[in-house]
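Residue numbers are given in numbering that gives the first Met the number 0: position 239 of the sequence shown equals residue 238, and the series is strictly consecutive.
Positions of the beta carbon are idealized from the N, C-alpha and C atoms, including for glycine.
As the structure is a prediction and not an experimental result, all values here were calculated from the model.
Notes follow once the structure below has been shown.
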Amino acid sequence: MKGRVGRVLAEALPALALLGVGDFLAGLYLGSHSKTLAAVPGLLTLLPVIMGLRGNIFSIMSAKASTILHVEGLAGLKSSGMRKTVGSLLLSMSVLPLVSVLLAHLYYESVGQGTVDLEGVIFVVYSSAVVMFPIILLFLLAITIMGFRFGMDPDHYGIPLIMGFADVLAIVFMTHFATLGRLPLWSTLLLPLAMLIVSLLLGVKAQVLKAAMLAQVLAILLDLVAGVILEKNLEVISRHLGLLVVLPLVNSELGGIGGILASKYSTGLNLGFLEPRLAPTRSHIRYLSAAVILGALLFSLLSVLIAILGDVPLAAHLFLTALGTAISVVAWVLTHSITIFSYKHGLDPDLLSPPTITGTMDVLGTLMILFISLSC
């Protein structure tokens, strides 16, 4: 399906708005239950990385489901290729969080600052994952199939809706399991082992697994960079409460715009209505226009939000709208470059683009808020 700018905006804006609402609600819930999560040492520290990992996995799944739907129709969602994609992503979800937790534990042990409760963190992370995965998968299939049947394009709304829904569920379920105590480490490790076994039963595609793991590791590193920037400059950003409040929304909306572009580009390349050329054509420019308009509208709304909070100078509103729109253009440039490069080299853009772009948007969004804080 070719996406006219008007259609992209009509279908993407409500999804991005719901993403913002979902992340806002997740933030409120986190704020009211932070003591519960803090009772498990290391869980709050690892929360952004774990949530980022899950968001990336489900974003890849959404982009892949949309591409398969466009290329093969509804029957494609029942194919062995889709099943093996789900299996490969489930396998990565069974391994990468455990690696992240162990690396954090080793880091804290080496520097002698802080600690990670291995039994508690692994129990919470994997118990919530076991419950979340089938729920998110069913939600993804439902919105993809229903939207497609009603003439909508899942590329325009799938990733933002999945990201918002996954963020809310992650906070709720992790908080719930944090209240249940813990199991011995050996029995807790049965959870990722069970996920691994299920993934192997579904089937695994080596190419999908390698590409997805590579992209997610890169995204983890980018999220860690964003986290370090925020941690080292938290005092500066905290001078204006409004900017601190909108930071998660800024990053999620930029990631949502990037995810929409990545999903649409991948479909366009596979269907042939987008040429795999780095020199932009009229079809490519159409999505640049959509990115600019989406960025301008969304960041104008975020400017209104910080105006309601009332502690941010007028210049910050102008900077937020202008820089948010500019970074939306950067999201298009990254999408254009990464998807075309990967497609021309025989790699699957659905696997590489969403995590890489959303991770980069986290870094750029954090830098933007820091710049505005320093300038105002």
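Out of 133, 362, 66, which has the shortest C-alpha to C-alpha gap to residue 254? Selection 133, 362, 66 evaluated against residue 254 yields 362 as nearest (Cα-Cα).
Status (buried if at least 16 other CB within 10 Å, exposed otherwise) for residue 220: exposed
Alpha-carbon to alpha-carbon, residue 299 and residue 188: 46 Å
Candidates 6, 19, 13: which alpha carbon is nearest residue 244's? 19
Coil, strand or helix - residue 278 by DSSP: coil
By Cβ distance below 8 Å, which residues in the same chain neighbour residue 131 in space, the five residues on each side in sequence not counted? 53, 165, 168, 169, 172
Does the segment 222-236 come within contact of the segment 64-81, defined as at least 3 CB pairs closer than 8 Å? no
For residue 353, I'd like the list of residues in its chain whose CB is within less than 6 Å of its CB, leaving aside the five on either flank, ordered along the chain. Correct list, in chain order: 58, 59, 62, 258, 261.
Please classify residue 343: is it buried, with 16 or more other beta-carbons within 10 angstroms of its beta-carbon, or exposed? So residue 343 ends up on the exposed side.
Could you give the distance in angstroms between the alpha-carbon of residue 0 and the alpha-carbon of residue 37? Confidence is the limiting factor: at residue 0 the pLDDT is only 48, short of 50, which leaves the residue's position unreliable and the question unanswerable from this model.
Once DSSP output is grouped into helix, strand and coil, what is the label at residue 174? helix
Locate the alpha helix (DSSP H) running through residue 3, then write down its first and last residues. Premise fails: residue 3 is in no alpha helix (DSSP H) and is neither H nor E.
What do you reckon, are the CB atoms on residue 155 and residue 16 nearer than 9 Å? Residue 155 is not a Cβ neighbour of residue 16, given a cutoff of 9 Å.
Could you tell me if residue 313 is buried or exposed, where buried requires 16 or more neighbouring beta carbons within 10 angstroms of its beta carbon? exposed
Please report the straight-line C-alpha distance between residue 84 and residue 207, rounded to a whole angstrom. 7 Å
Limits of the unbroken alpha helix (DSSP H) element including residue 114: Here residue 114 belongs to no alpha helix (DSSP H), and DSSP marks it neither H nor E.
Does the separation of the CB atoms of residue 248 and residue 304 fall below 9 Å? yes
Stretch pair the segment 184-204 + the segment 41-56: three plus CB contacts closer than 8 Å: Judged by Cβ distances under 8 Å, the segment 184-204 makes no contact with the segment 41-56, as fewer than three pairs qualify.
Between the Cα of residue 406 and those of 364, 34, 64, spot the shortest distance and give me the residue it belongs to. Since the first and last residues shown for the chain are 0 and 375, residue 406 lies out of range.
Apply the 10 Å Cβ neighbour rule to residue 96 and answer buried if 16 or more other Cβ atoms are within range, or exposed otherwise. buried
Which of helix, strand or coil does DSSP assign to residue 38? coil
Within its chain, find whatever has a CB closer than 8 Å to the CB of residue 13; leave out the 5 residues flanking it on each side and keep chain order. 156
Buried/exposed call for residue 373, threshold 16 Cβ in 10 Å: Its Cβ having fewer than 16 others within 10 Å, residue 373 is exposed.
Residue range of the unbroken alpha helix (DSSP H) whose run includes residue 255: 240-270
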